[in-house]
Amino acid sequence: MTAPQRVFVSAAVIVAVAVVMVMVGVALALGGSWALIAGGLLLLASVVLAGHFGTRDDGRGP
(Lines of atoms letter the chains of each structure in order from A; the text may use other names.)
(Lines give C-alpha, C1' and ligand atoms only; values in the text may rest on other atoms or scores of the structure.)
Protein backbone atom coordinates (compact mmCIF):
# COMPACT_ATOMS: atom_id res chain seq x y z
CA MET A 10 0.00 0.00 0.00
CA THR A 11 1.43 3.33 -1.02
CA ALA A 12 1.34 6.46 1.13
CA PRO A 13 -1.55 8.13 -0.79
CA GLN A 14 -3.60 4.95 -0.39
CA ARG A 15 -2.96 4.92 3.36
CA VAL A 16 -4.09 8.55 3.61
CA PHE A 17 -7.24 7.78 1.61
CA VAL A 18 -8.07 4.69 3.69
CA SER A 19 -7.54 6.53 6.98
CA ALA A 20 -9.71 9.41 5.76
CA ALA A 21 -12.40 6.94 4.68
CA VAL A 22 -12.33 5.31 8.12
CA ILE A 23 -12.67 8.71 9.83
CA VAL A 24 -15.62 9.62 7.58
CA ALA A 25 -17.26 6.22 8.21
CA VAL A 26 -16.94 6.65 11.99
CA ALA A 27 -18.41 10.16 11.77
CA VAL A 28 -21.33 8.88 9.67
CA VAL A 29 -21.99 6.09 12.18
CA MET A 30 -21.95 8.57 15.08
CA VAL A 31 -24.37 10.88 13.26
CA MET A 32 -26.67 7.95 12.41
CA VAL A 33 -26.75 6.79 16.04
CA GLY A 34 -27.39 10.33 17.27
CA VAL A 35 -30.23 10.89 14.81
CA ALA A 36 -31.78 7.50 15.58
CA LEU A 37 -31.68 8.17 19.33
CA ALA A 38 -33.04 11.70 18.86
CA LEU A 39 -35.96 10.27 16.87
CA GLY A 40 -36.61 7.68 19.56
CA GLY A 41 -35.33 4.80 17.48
CA SER A 42 -34.56 1.48 19.06
CA TRP A 43 -31.12 -0.11 19.24
CA ALA A 44 -32.38 -2.78 16.81
CA LEU A 45 -33.03 -0.04 14.25
CA ILE A 46 -29.55 1.37 14.82
CA ALA A 47 -27.97 -2.09 14.48
CA GLY A 48 -29.88 -2.66 11.25
CA GLY A 49 -28.64 0.63 9.86
CA LEU A 50 -25.07 -0.17 10.85
CA LEU A 51 -25.28 -3.60 9.21
CA LEU A 52 -26.66 -2.02 6.04
CA LEU A 53 -23.89 0.61 6.05
CA ALA A 54 -21.23 -2.04 6.65
CA SER A 55 -22.53 -4.21 3.81
CA VAL A 56 -22.52 -1.25 1.42
CA VAL A 57 -18.98 -0.28 2.44
CA LEU A 58 -17.70 -3.85 2.10
CA ALA A 59 -19.42 -4.33 -1.25
CA GLY A 60 -17.93 -1.07 -2.50
CA HIS A 61 -14.48 -1.94 -1.20
CA PHE A 62 -14.29 -5.50 -2.53
CA GLY A 63 -16.57 -5.12 -5.54
CA THR A 64 -14.42 -2.73 -7.57
CA ARG A 65 -10.81 -2.62 -8.65
CA ASP A 66 -8.56 0.28 -9.60
CA ASP A 67 -7.99 -0.97 -13.15
CA GLY A 68 -11.20 0.67 -14.36
CA ARG A 69 -13.02 -2.53 -15.24
CA GLY A 70 -15.46 -2.22 -12.35
CA PRO A 71 -16.85 -5.16 -10.38
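Here our numbering runs 9 ahead of the position in the sequence shown, where the first position is 1. The C-beta atom is built at its ideal place from N, Cα and C for all residues, glycine as well.
Excluding the five sequence neighbours on either side, which residues of its own chain have a C-beta within less than 8 Å of the C-beta of residue i, listed in chain order?
i	result
V49	According to the sequence shown, residue 49 is Gly rather than Val. These residues qualify, in order along the chain: M32 and A36.
According to DSSP, is residue i part of a helix, a strand, or is it coil?
i	result
S55	helix
S1	The structure shown does not extend to residue 1, since the chain spans only 10 to 71, so no value can be given for it.
Sorted by chain position, which residues of the same chain lie with C-beta nearer than 7 Å to residue i's C-beta, five sequence neighbours on each side aside?
i	result
V57	A25
If you compare alpha carbons, which of the options is closest to residue i?
i	options	result
V29	P13, I46 and G40	I46
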